[in-house]
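The next block holds one structure in the form of structure tokens; read it before the comments.
Numbering (the UniProt record's numbering), first residue to last: 1 to 245.
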């Protein structure tokens with residue numbers, strides 16, 4: 001897969017570093033809301049983007065039929081973004097500890113028993129032919145995933161690496177809940193470690209996103225999925241360059 005066009009935009013963005021504080025703050029606010037809203041909406045959270053912004057920026061709660069869980073999903077997700085940004089700034093790479101800590105933040109106060117703990121039972125994914133590994137194999141498979149990552153992080157293009165890590169992670173489905181959100185954040189952690197901006201799978205692209213993951217799971221063909229991630233990265237680079245011009 002060709003990434004020349006994206007590589008050119010990335011070089012242009014790199015030439016504009018370091019970004020000034022007001023630009024960075026503006027971009028952070030925007031991406032915190034956008035990523036939180038879209039990633040939660042993909043999983044069925046009904047809060048709108050405006051409601052998400054109000055919760056994050058004004059600290060207000062939304063009345064009218066919105067659950068406590070939905071509020072917590074917003075607050076936790078923003079904290080999870082802060083966590084991966086902190087890890088990137090400290091040059092800490094992905095490890096089992098990082099994955100479990102990230103998952104813990106996603107599910108804390110929602111499901112404390114399972115937050116940050118690999119699943120202890122088998123799971124089915126509704127609407128999918130793929131059956132994730134049995135629970136007693138999760139730890140071993142996650143260890144294999146990290147070996148794969150460490151062996152490929154200097155071989156693959158960062159976008160391909162991030163997309164394939166996301167796919168391999170959800171294929172294992174290591175936790176009972178919160179796998180999708182965690183996968184999209186880990187994908188972004190890999191992108192950010194390689195100097196790319198946060199990239200967002202939009203909720204309006206949910207069907208093609210899910211379909212591409214299903215094709216990757218059942219046929220072993222990741223091209224459509226990598227393409228979706230590539231397009232998300234491209235849009236984020238465009239946005240950064242727009243703000244910096």
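Every residue gets a Cβ at the ideal spot worked out from N, C-alpha and C, and that includes glycine.
| Item | Value |
| --- | --- |
| Quick check: what's the CA-CA separation for residue 143 versus residue 96? | 8 angstroms |
| By the 10 Å Cβ neighbour count, where 16 or more other Cβ atoms means buried, how is residue 150 classified, buried or exposed? | exposed |
| Counting only runs of 4+ residues fully inside the segment 126-183, write out the alpha helix (DSSP H) ranges in chain order. | 138-152, 158-172 |
| With the cut-off set at 8 angstroms, would you say residue 167 and residue 118 are in Cβ contact? | no |
| To the nearest angstrom, report how far apart residue 76 and residue 228 are at their CA atoms. | 25 angstroms |
| Pick from 188, 42, 215: whose alpha carbon is nearest that of residue 159? | 188 |
| Measuring alpha carbon to alpha carbon, tell me which of 180, 164, 17 ends up nearest residue 221. | 164 |
| For residue 153, which residues of its own chain have a beta-carbon under 7 angstroms away from its beta-carbon, when the five flanking residues on both sides are left out? | 161 |
| Sorted by chain position, which residues of the same chain lie with C-beta nearer than 8 angstroms to residue 232's C-beta, five sequence neighbours on each side aside? | 199, 200, 201, 202 |
| Does the distance from the C-beta atom of residue 62 to that of residue 32 stay below 8 angstroms? | no |
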